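*Asks:* In the working numbering, the protein residues as written are 129 to 305.
The beta carbon of each residue, even a glycine, is placed where N, CA and C say it ideally should be.
Model, not experiment: these values are computed from the prediction.
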Amino acid sequence: VCVIDKSGSMRGEKITLVRKTFQYLLQYLSDSGRLSIVIFDHEASRLFPLSRITEENKDKIIQKIATILPDCGGTNIARGMKHAFEILKQRRERNPLSSIVLLSDGHDKGAQDRVAQEIKKFGADVKDTTIHTFGFGNDHDPQLMTDIAALRGGNFYFIQKLDTVDEAFVDCLGGLL
């Protein structure tokens, strides 16, 4: 499940880089995997349901990603993560390993504690789920993003330019495989 921050702090270059990053990452995903997309600011919603990553769905996903615009709302990472956990809980097929990928600038003080509480609530439904975080913008909060990734054995990656996505995503995907 990919969780994308569309709060006001993601305006400009950050959201553009998030869209480009996501389009780039889709190239590496095969149709044996499944993907869902959650967007959030102070609220959260599912942008794309949990679906196989077919070529047809890749085109639909790219169209959906293009519609993401930063809102003037605040940032509530825990709400976006809760939505992702609900998607994982409701899935009909369970993989031996699942992952949540958070794309944000991390401008949400104390979010790691609220995300930890959500993990506790979902318990067994997310026990085999890793969380990887991707930080965008020079003003991102690396400590918060690192702390959230560490809650479920994942890694934090800082994305400054599109050409740094390669290495980060290969490392992230390698850990999942």
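DSSP three-state call for residue 145: helix, strand or coil?
*Replies:* Three-state result, residue 145: helix.
*Asks:* Between which two residues does the beta strand (DSSP E) containing residue 133 stretch?
*Replies:* 130 to 133 is the span of the beta strand (DSSP E), which, as asked, contains residue 133.
*Asks:* Please report the Cβ distance between residue 142 and residue 197, rounded to the nearest whole angstrom; I am assuming they are in contact, meaning their Cβ atoms lie under 8 Å.
*Replies:* Contact flag wrong, Cβ pair sits at about 12 Å.
*Asks:* For the alpha helix (DSSP H) that contains residue 277, what are its first and last residues?
*Replies:* Start and end: 270 to 278.
*Asks:* Taking only the alpha-carbon atoms, compute the straight-line gap between residue 305 and residue 162 and give it to the nearest angstrom.
*Replies:* Any reading at residue 305 must be qualified, since the residue scores a pLDDT of 47, below 50, and its modelled position is unreliable; the value itself is stated next. Cα to Cα, the separation comes out at about 14 Å.
*Asks:* Would you call residue 225 buried or exposed, if buried means 16 or more other Cβ atoms sit within 10 Å of its Cβ?
*Replies:* Under this definition residue 225 is an exposed residue.
*Asks:* Beta-carbon separation of residue 275 and residue 137 under 9 Å?
*Replies:* In this structure, residue 137 does not lie closer than 9 Å to residue 275 by Cβ.
*Asks:* Could you tell me whether the stretch 211 to 227 touches the stretch 143 to 158, using the rule of 3 or more Cβ pairs below 8 Å?
*Replies:* Short answer: they don't touch.
*Asks:* May I ask you to report which of helix, strand or coil DSSP gives residue 260?
*Replies:* Looking at residue 260 - three-state DSSP - the assignment turns out to be strand.
*Asks:* So which of 277, 157 and 219 has the shortest CA-CA distance to residue 181?
*Replies:* Answer by Cα proximity: 157.
*Asks:* Quick check on residue 196: does DSSP put it in helix, strand or coil?
*Replies:* In the structure shown, residue 196 sits in coil (DSSP, three-state: anything other than H, G, I, E or B).
*Asks:* What residues are listed by DSSP as bridge partners for residue 174?
*Replies:* Residue 174 is bridged to 166.
*Asks:* Specify, as a first and last residue, the run of the beta strand (DSSP E) that residue 287 falls within.
*Replies:* Per DSSP, residue 287 belongs to the beta strand (DSSP E) from 284 to 287.
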